[in-house]
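Novice: Each residue of the sequence shown is one higher than the one before, counting from 6 in our numbering. Just so it is clear, CB atoms sit at the ideal spot from N, CA and C, and this is done for glycine as well. Quick one: this structure, given as structure tokens, is what I'll be asking you about.
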Amino acid sequence: HPEKCCGGCCIACHISTCKGVTYMPFYFHDPHTKDVIGGEYDDPSTPQIRKLWAGLAMECCTTADNFAITFPPGVDGIRKAGLLGLTFLLDFAVFEKKRDNDS
């Protein structure tokens, strides 16, 4: 199921079910080399945090956000907890702040 990305948003369409998933990926980068950790930008198995589109009714009528995390291979429970905390930080710093400025 190929993914198409444009302007930081990606769409993965499943032809067999005629359903699609729209998301905004946030990749992990090496601080020294700036390379993506664990894969490539277009690979769905690359470790990342995704902000998922929840549908028009959910996005326009609530402040709820949906995220999915793809963990790097071989990561332990402590690192997974840290990445979960990073997801909350990302939500508060990027998406909640934007909503406060809009209102």
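With DSSP run on the structure shown, which of helix, strand or coil describes V41?
Specialist: strand
Novice: Using beta-carbon positions only, say whether D70 and K85 come within less than 8 angstroms of one another.
Specialist: no
Novice: With a Cβ-Cβ cutoff of 8 angstroms, do T27 and V41 count as a contact?
Specialist: no
Novice: Let me confirm a value: P78 is counted as buried when at least 16 other C-beta atoms fall within 10 Å, else exposed. Which label applies?
Specialist: Under the 10 Å beta carbon count, P78 is surrounded by fewer than 16 other beta carbons and is classified as exposed.
Novice: Residues bridged to D54 by DSSP?
Specialist: Looking at the sequence provided, one finds Ile at residue 54 rather than Asp. Looking at the DSSP output, I54 shares a beta bridge with F31 and I74.
Novice: With 16 as the cutoff for other CB atoms within 10 Å, does P30 come out buried or exposed?
Specialist: buried
Novice: Is A59 helix, strand or coil when you go by DSSP?
Specialist: A59: coil per DSSP, three-state reduction.
Novice: Could you check where the alpha helix (DSSP H) with G82 kicks off and where it finishes?
Specialist: G82 to L95
Novice: With C-beta atoms as the reference, is L61 less than 8 angstroms away from I74?
Specialist: For L61 and I74, no; Cβs fall outside 8 angstroms.
Novice: Give the secondary structure of D98 by DSSP, where H, G and I count as helix, E and B as strand, and everything else as coil.
Specialist: Position check: residue 98 holds Ala in this sequence, whereas Asp was assumed. Here A98 sits in helix by DSSP.
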